[in-house]
Amino acid sequence: MTAEQARTPASLRAAVTARQARRAVFAPARLLRRSLRVRTVAITLVLATVAIFAVGTVVSYTIAQGLFGNRLEQVLAESARATSAAQNVAVGYATDSTSLQNARFAALDSVQTAARPYGLYWARSDSSAGAAQIGDVELPENVKNLVSTQLRRALEKDGLQHWQSVSIPVAEGQVKPGIVVANTIQFGDGTVELYLVYDVADVQGTLTVVQRSLLIGGAALLLLIAMVTTAVVTLVVAPLRQAAAVSERLAAGHLEERIPEHGEDVVATLARSFNRMAESLQRQITQLANLSKVQQRFVSDVSHELRTPLTTIRLASDVLFNARERYDAPTARSAELLKTQVERFETLLADLLEISRMDARAAEVAGEPTNLVDLVREGVDALGGLAEETGTTIRVHTPGGHAFVDVDNRRIARIVRNLLANALEHGEGRPVDVTVDSSERAVAVGVRDHGIGMSQQDAERVFDRFWRADPSRQRRIGGTGLGLAISLEDAQLHGGALEVWTSGSDGTNFVLTLPRRSGSTELDRPVPLRPVDAVPERAVEPRHQETRVEVGS
Amino acid sequence: MSGRILVVDDDTALAEMIGIVLSSEGWEPVFCADGAEALGRFRATGPDLVLLDLMLPGLDGIEVCRAIRTESGVPIIMLTAKSDTSDVVDGLESGADDYIVKPFDPKELVARIRTRLRPSASVLGNRLRIGDLTVDAAGHEVLRAGAAIPLTPLEFDLLHTLASKPHQVFTREMLLEQVWGYHYKADTRLVNVHVQRLRAKVEVDPENPRIVTTVRGVGYRAGAAV
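Residue numbers (numbering that gives the first Met the number 0), protein chains in the order written: chain L, 0 to 552; chain S, 0 to 225.
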């Protein structure tokens, strides 16, 4: 394996991993966006967390303040008591060195008995020279370090009781909270500063217990809130979800779907009004469907009932027509007229029946493998008589479309016939170009005449029923006015399109495009709607606006 | 060409008019206006061909067609006011040989009748082989291992036409022309339905035909003789 090959799987793996990561990141976001329940619970939890945290902080702070305040009072009272006890002891001694030594020990004893501090520091005041002969005492060692200069200054200033919070080092890197209380004692002829250090770790302990309880309580509360919210939301969302599912099914055409109604609350009201709406919808749709069915049935029955007498008339007119030589001129002409008009009537009836079948969606496409080129050639041959009559040349171009496609050849042949007849009718005797081509997805037939074309308004109405471009123009072929409308329906039945391009002076181009495989919806354009030989747009006179009408899928 | 033709139609005006057309061609029309009486009338008159309306009082055309087919292979042409696929196919499947949609051209009617009444395809008396079947044109019989398979004249014509040129593929249009006598584009469903009816009678396994095989996109051909 070369290096080049080796890299590809690695980068592929990376891409896959990246995609997975992205999915992992976006999955919760998608869940949030799509699930009302998840979203509601999430929002509730976030808000509840903020609230509980705030309340917890305040409570914890207040409790800490209270606990510390109590302890401080106690400490201050104790130290005041101890100081006065020491003062009382110190008063009775003489001022010689030994006595002072003894007095100091007695005083310290009484302090420790009265106050039981964590530590104490007996220091000569800087300002008193008299007590110079007795040294400082610190218990345990280095307690002196806990006494800040700030505290000493405050004491020196007024000699009253002062205190300060400190951290007492207990072991390597560990401290516990403490309070240093400063007092002065008149000792001999001087002043001694007495600092008592109290350990308040027990307060911290209590506080920790309280804080832990608050934390556990808060977490439990959050869990409870989450559960309650989920339950409530589920309770509210379930009917909504059901309503959504039911409306989905209703929209899909299951008109008999209803939401079960329970109770009197707003959800039940929703269900009730939804059901009422569904009922009226169903009633109206059923009514319309019935009406339409009745209408279709009526048209079909009328056409059918007309056919039998029409057959009799047809046969009779034919018998008369065949015998016309035996009559005088007016009667013979009448027989001729009767025959042609009966035939016209018949075509009209057939077209009407066909279009009513299409309206009723009862038309069926019988697809079979068909060669479009052959089909078009047959159509051209069939209209040879009309082409000759109008002096028109029909040129057939077949760059593609030789392969078989599954179409209903009866319907496609009818479209081709209609388009050709139309082109001959309006082509002014100039050549008509018929193009058959195909692409990967579609097959198409273009029928292009070089006649006078149409206006934009006319082009938009060309597929309308019974519409005629120019009512005053004489028609050569007795069309029914339904030909193009039926052709359009035929094209749509195949999932195809029938489009028209026209230019005021440059004729008209009809293009039928059909999917190569039935059911495929993507069509391209094997035969362009704008003919290749069309006069370039700029050359067209402005008043003859080029028009393109697209109808179909 | 003379012959007796039974016209089963409840519309007396149309029946009479058809009678006029038939008489002018030298045929002898007999009439019946009720589906329920049609079979009795058929037995009583012994016609050479039946023109049968699809919509009839009493018994509908498809039922009548089926009843006649159980006892006779006489050509039946249906007259129908509907050209919907299902109705036409129902009619053909019930045993009709051909159909004609109202309103029709009298020439068309006459041509259809003439084709069905013409003497059968081959009088050469040769025996043709198709698959494991023997087609005896003279005896108008199809035999499998010596046993005759009952076919209507039309089905026999269809099989005989295919068997007469065993290597040729017949398009539906060719068959329409040679068997049904259509000289222009007509409904190819006629061919499809009759090929299926024929297969149901002559194929050992109609799902997997070996006597009349389909050439996709073109038509049908006779299977090789074995």
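Where a beta carbon is used, it is the ideal one built from N, C-alpha and C, also for glycine.
Hey, would you say Ala422(L) sits closer than 8 Å to Asp463(L), going by beta carbons? Taking the first residue of the first sequence as position 1, residue 422(L) is located at position 423. Taking the first residue of the first sequence as position 1, residue 463(L) is located at position 464. Contact flag unset, no.
Using CA coordinates, which residue listed in Thr434(L), Asp373(L) and Asn417(L) is at the minimum distance from His396(L)? Locating residue 396(L) in the first sequence gives position 397, counting from the first residue. Here the closest residue by C-alpha is Thr434(L).
Below 6 Å CB to CB, which residues in the same chain sit around Ala181(L) once its five sequence neighbours on both sides are set aside? As a working mapping, residue 181(L) is identified with position 182 in the first sequence. Result list for Ala181(L): Leu150, Leu154, His161 and Tyr194, in chain order.
Look up Ala533(L) in the DSSP assignment and say whether it is helix, strand or coil. Locating residue 533(L) in the first sequence gives position 534, counting from the first residue. Three-state result, Ala533(L): coil.
Determine the direct distance from the alpha carbon of Leu374(L) to that of Gly216(S), and round the result to whole angstroms. Position 217 of the second sequence, counted from the first residue, corresponds to residue 216(S). Position 375 of the first sequence, counted from the first residue, corresponds to residue 374(L). So the two alpha carbons sit approximately 13 Å from each other.
Strand pairing of Ile17(S), partner residues [DSSP]: The sequence position of residue 17(S) within the second sequence is 18, counting from 1. In DSSP, Ile17(S) forms no bridge with anything.
When you compare each of Thr346(L), Ser147(L) and Asn370(L) to Ser437(L) by their alpha carbons, which one comes out closest? Here residue 437(L) refers to the residue found at position 438 when the first sequence is read from its first residue. It is Asn370(L).
If you draw a straight line from the alpha carbon of Ile575(L) to that of Ser93(S), how long is it in whole angstroms? For chain L, the structure presents residues 0 to 552; residue 575(L) sits outside this window and is missing.
How many angstroms separate the CA atom of Tyr326(L) from the CA atom of Arg332(L)? For this step, residue 326(L) is matched to residue 327 along the first sequence. For this step, residue 332(L) is matched to residue 333 along the first sequence. Cα to Cα, Tyr326(L) sits roughly 9 Å from Arg332(L).
Take every Cβ of the segment 172–180 of chain L, pair it with every Cβ of the segment 94–107 of chain L, and state whether three or more of those distances are shorter than 8 Å. Contact between the segment 172–180 of chain L and the segment 94–107 of chain L is absent, because fewer than three Cβ pairs lie under 8 Å.
Any chain S beta carbon closer than 8 Å to Val318(L): Taking the first residue of the first sequence as 1, we reach residue 318(L) at position 319. Interface criterion met: the Cβ of Val318(L) is under 8 Å from a Cβ in chain S.
At a CB-CB cut-off below 7 Å, which residues of chain L make contact with Leu91(S)? For the purposes of this step, residue 91(S) is taken as residue 92 along the second sequence, with counting starting at 1. Those do not exist, as Leu91(S) stays about 14 Å from chain L at its closest Cβ, beyond 7 Å.
Using only the alpha-carbon positions, how far apart do Arg18(L) and Val24(L) sit? As a working note, residue 18(L) is residue 19 in the first sequence. As a working note, residue 24(L) is residue 25 in the first sequence. Taking the straight line from one Cα to the other gives about 10 Å.
Taking the runs of the beta strand (DSSP E) that are 3 residues or longer, which of them lie wholly in the segment 155–184 of chain L? List check, beta strand (DSSP E) in window: 161–170.
Assign Gly138(S) to buried or exposed, taking buried as 16 or more other Cβ atoms, counted over all protein chains shown, within 10 Å of its Cβ. Working through the second sequence from its first residue, we reach residue 138(S) at position 139. Under this definition Gly138(S) is an exposed residue.
Classify Pro139(L) as buried or exposed, calling it buried when 16 or more other Cβ atoms lie within 10 Å of its own Cβ. In the first sequence, residue 139(L) corresponds to position 140, counting from 1. When all chains shown are included, Pro139(L) counts as exposed.
Counting only runs that start and end within the segment 65–99 of chain S, where is the alpha helix (DSSP H) found for 4 or more residues in a row? You should have 84–92.
Between which two residues does the alpha helix (DSSP H) containing Thr389(L) stretch? Position 390 of the first sequence, counted from the start, is the residue given in the question as residue 389(L). Looking at the DSSP string, the run of the alpha helix (DSSP H) that includes Thr389(L) is Gly383 to Thr389.
Classify Asp207(S) as buried or exposed, calling it buried when 16 or more other Cβ atoms lie within 10 Å of its own Cβ. Working through the second sequence from its first residue, we reach residue 207(S) at position 208. For the record, residue 207(S) in the displayed sequence is Asn; it is not Asp. Asn207(S) is exposed by the Cβ-count criterion.
At least 3 beta-carbon pairs within less than 8 Å: the segment 286–297 of chain L vs the segment 310–319 of chain L: no
Using a Cβ cut-off of 8 Å (strictly closer), state whether Asp266(S) contacts chain L. Only positions 0 to 225 of chain S appear in this structure, which leaves residue 266(S) out of reach.
First and last residue of the alpha helix (DSSP H) that includes Gly189(L)? Counting from one through the first sequence, the residue named residue 189(L) turns up at place 190. It is not in any alpha helix (DSSP H) - Gly189(L) instead sits in the beta strand (DSSP E) that spans Gly189 to Asp198.
CB contact below 8 Å: Arg215(S) versus chain L: As a working mapping, residue 215(S) is identified with position 216 in the second sequence. With 8 Å as the cut-off, Arg215(S) counts as an interface residue toward chain L.
Taking contact to mean at least 3 C-beta pairs separated by less than 8 Å, is the segment 0–8 of chain S in contact with the segment 22–40 of chain S? yes
Can you list the residues of chain L that Val20(S) reaches, using a CB-CB cut of under 9 Å? In the second sequence, counting from the first residue as 1, residue 20(S) sits at position 21. Correct list: Leu314, Asp317 and Val318.
Please name the residue or residues paired with Thr170(S) in a DSSP beta bridge. The residue given as residue 170(S) occupies position 171 in the second sequence. Note: Thr170(S) sits in a beta bridge opposite Gly218(S).
Within-8 Å CB hit, Val6(S) to chain L: As a position in the second sequence, residue 6(S) is number 7, starting the count at 1. Chain L contact via Cβ: absent.
Report the three-state DSSP secondary structure of Ala113(L) (helix, strand or coil). Translated into the one-based positions of the first sequence, residue 113(L) becomes position 114. In this structure, Ala113(L) counts as helix in the three-state DSSP scheme.
Is Gly506(L) helix, strand or coil by DSSP? The count along the first sequence starts at 1 and reaches residue 506(L) at position 507. Strand, per DSSP.
For Asp131(S), three-class secondary structure by DSSP: Sequence index remark: in the second sequence, residue 131(S) carries index 132 (1-based). Secondary structure at Asp131(S): coil, using DSSP grouped into helix, strand and coil.
Between which residues of its own chain and Asp350(L) is the CB-CB distance below 7 Å, once the five residues before and five after are set aside? Sequence index remark: in the first sequence, residue 350(L) carries index 351 (1-based). Cβ neighbours of Asp350(L) beyond the five flanking positions: Thr479, Leu481 and Ile485.
Relative to the C-alpha of Ala490(L), which candidate in Gly450(L), Lys338(L) and Glu363(L) has its C-alpha closest? Within the first sequence, numbered from 1, the residue matching residue 490(L) stands at position 491. When only C-alpha atoms are compared, the closest one is Glu363(L).
N- and C-terminal bounds of the beta strand (DSSP E) containing Ser316(L): As a position in the first sequence, residue 316(L) is number 317, starting the count at 1. No beta strand (DSSP E) holds Ser316(L); the alpha helix (DSSP H) holding it covers Val265 to Asn321.
Whose CA, out of Asn141(L), Val404(L) and Thr183(L), lies closest to the CA of Lys156(L)? Numbered from its first residue, the first sequence carries residue 156(L) at position 157. Nearest C-alpha to Lys156(L): Thr183(L).
Could you tell me which residues DSSP pairs with His425(L) in its beta bridges? Position 426 of the first sequence, counted from the first residue, corresponds to residue 425(L). His425(L) is not bridged to any residue.
Please classify Leu138(L): does DSSP put it in a helix, a strand, or coil? Locating residue 138(L) in the first sequence gives position 139, counting from the first residue. Secondary structure of Leu138(L) (DSSP, three-state): strand.
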